[in-house]
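Engineer: Handing you this structure, nothing more for now.
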Amino acid sequence: MKKKIELWMCAIILTLAVAGGCVDIPSAGHIPPDYQALVRILYLDPSVPSATVNMALGPNFESFSQLHTGNFGTASAYMTVPAGAKRFYLTNGGVPVGNDTSSLAIDADQKGTLFVYPINVAGDPRIRFVGERYTFAQPGVVDSALIRFSNSISRSAGDTVDTRVDVVQYYTSNANIISRNLATNVAFRGTTAYFRVPRDSTYFFYLTRAGAATVVLTDTLSITGASRQQGTAVAFGTRDPNTGKVQFVKFDEN
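Okay, so the sequence shown: first residue is 1315 according to the working numbering, each after it adds one.
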C-alpha cells in the first residue's frame, strides 16, 4: 500500500513538472503605461527672432530631439509629448542660444503652453510651463468666455527692474468709463487667474505700470464665436521705441 502511495505521488509530481514547463513566462518585464501631455510653444524673446526648442528625455536626459522651430511672437500647434521630467533648451541654426537649460515636470494628461521668455536676469529659466486644463476636461464655461493675462514684457534699454503692470478693462474706448481693475501688480513672467466675461464682445484694455498712471499698452480684445472660449492674452515685446513695441495677443486654448 505504501508503494502505491509513493508511486502516485511521483506521478503527480512528474505531471506538475511537465505542466509547469509548458507555462509561458514572459521574458520581458511589465510594460509601463504611455503617459502623455499636450503642449505648445510660445516664442516671446525679442532678442531671438527664430529658435528651435529641443527636448531631452531619459533617466539621464540622454535622449535628445527637436520639438519645434518658430519665430518671435508666434505659437506652435499643440503637440503630444511624454509626461514626466524633461529638459528644454534653445538652439538657432544648431547653435545653442545661451548655456541655459530649463528642467520641467509635466503631469500626464495636462494641456498647456511652454513660454519661451527673454532672460532679464542671469540664471533665470528661459522656458516655463503654464498649465491650462486637463485634456479630458472641457474648456471654458457655458455661454461665456474665460480669459487671463500674462506679462512677458522685456526690459527696455536702461531698465534695471522688470515691468510690473496693472490690467484695467473699460466698457468702451473712452478711458473715463472704467469697468473694473482686473489685476494689479502682475510681475514679469506672471499669469493671472482666469476671468469670466461675456462672449461675442470687444473689450478695451489698458496696461499701466503697477501703481502708476504710466500707460504701457492700450489695445482691444475681441472674443467671438462658440461658447466655452478660453485663452490667454499675452503682453510681450519691449517698450523701447527704437527696438520694438509691446504687443497684446490672445492665444486660444480650446
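Beta carbons are placed, not taken as given, at the ideal position from N, Cα and C, and that holds for glycine.
Suppose contacts are defined by Cβ-Cβ distances below 9 Å. Is N1434 in contact with L1404 by that definition?
Structural biologist: Taking 9 Å as the Cβ cut-off, N1434 and L1404 do not qualify as a contacting pair.
Engineer: So V1511 and I1461 are supposed to be a Cβ contact under 8 Å. How far apart are they, rounded?
Structural biologist: Confirmed, about 6 Å.
Engineer: Identify, in the order they occur along the chain, each residue of the same chain with its Cβ nearer than 8 Å to the Cβ of T1522, setting aside the five sequence neighbours on each side.
Structural biologist: Taken in chain order, the residues that qualify are V1479, D1480, V1482, T1528, V1529 and V1530.
Engineer: State the beta-bridge partners of I1441 as determined by DSSP.
Structural biologist: Its beta-bridge partners are V1430.
Engineer: Quick check on A1524: does DSSP put it in helix, strand or coil?
Structural biologist: Coil, per DSSP.
Engineer: Could I get the ranges of all uninterrupted beta strand (DSSP E) runs contained in the segment 1376-1424, with 3 residues as the minimum, in chain order?
Structural biologist: Runs of the beta strand (DSSP E) inside the segment 1376-1424: 1377-1385, 1393-1396, 1398-1406 and 1416-1420.
Engineer: Residues in the same chain with beta-carbon distance under 8 Å from T1552, minus the five sequence neighbours each way, listed in chain order, please.
Structural biologist: The answer, listed in chain order, is P1360, I1467, S1468, R1469, S1470, G1558, K1559 and V1560.
Engineer: Once DSSP output is grouped into helix, strand and coil, what is the label at T1449?
Structural biologist: Correct three-state label for T1449: coil.
Engineer: Determine the closest residue to Y1357 out of T1427, L1371, S1417 and N1568, with distance taken between C-alpha atoms.
Structural biologist: Selected option, being the one with the closest Cα: T1427.
Engineer: Using DSSP with H/G/I as helix, E/B as strand and the rest coil, what is R1542?
Structural biologist: Looking at R1542 - three-state DSSP - the assignment turns out to be coil, as it is neither helix nor strand.
Engineer: Between the alpha carbons of G1387 and F1550, how many angstroms are there, rounded?
Structural biologist: In a straight line, the C-alpha of G1387 is about 8 Å away from that of F1550.
Engineer: On the three-state DSSP scale, how would you describe T1506?
Structural biologist: If DSSP states are grouped into helix, strand and coil, T1506 belongs with coil.
Engineer: Please confirm whether Q1350 and P1396 have their CB atoms less than 9 Å apart.
Structural biologist: Cβ atoms of Q1350 and P1396: closer than 9 Å.
Engineer: Could you check the C-alpha separation between T1516 and I1537 for me, to the nearest Å?
Structural biologist: Rounded to the nearest angstrom, the two C-alpha atoms are 6 Å apart.
Engineer: Indicate the three-state DSSP secondary structure (helix, strand or coil) for A1497 in the structure shown.
Structural biologist: Residue state, collapsed to three classes: strand.
Engineer: Going by C-alpha distance, which of A1459, T1532 and T1477 is nearest D1566?
Structural biologist: Considering only alpha carbons, the answer is A1459.
Engineer: Any idea if F1463 is buried or exposed, counting beta-carbon neighbours within 10 angstroms, 16 or more meaning buried?
Structural biologist: By the 10 Å Cβ count, F1463 comes out buried.
Engineer: Measure the alpha-carbon distance for A1547 versus T1366 and round it to whole angstroms.
Structural biologist: Rounded to whole angstroms, A1547 to T1366 spans 23 Å at the Cα level.
Engineer: Do you know how far the Cα of F1518 is from the Cα of A1524?
Structural biologist: Cα to Cα, A1524 sits roughly 18 Å from F1518.
Engineer: Please state the DSSP three-state secondary structure of D1533.
Structural biologist: Strand.
Engineer: Go ahead and pull the three-state DSSP assignment for S1466.
Structural biologist: S1466: strand per DSSP, three-state reduction.
Engineer: Around the Cβ of F1429, are there at least 16 other Cβ atoms within 10 angstroms (buried) or fewer (exposed)?
Structural biologist: By the neighbour-count rule (16 or more Cβ atoms within 10 Å), F1429 is buried.
Engineer: When we look at the beta-carbon of T1505 and count the other beta-carbons within 10 Å, is it buried (16 or more) or exposed?
Structural biologist: Flag for T1505 reads buried.
Engineer: In three-state terms, what does DSSP make of G1551?
Structural biologist: Reduced to three states, the DSSP call for G1551 is strand.
Engineer: CB-CB under 7 Å to L1371, same chain, minus the five flanking residues each way: which ones, in chain order?
Structural biologist: So the list reads S1377, P1396 and K1400, once near-sequence residues are dropped.
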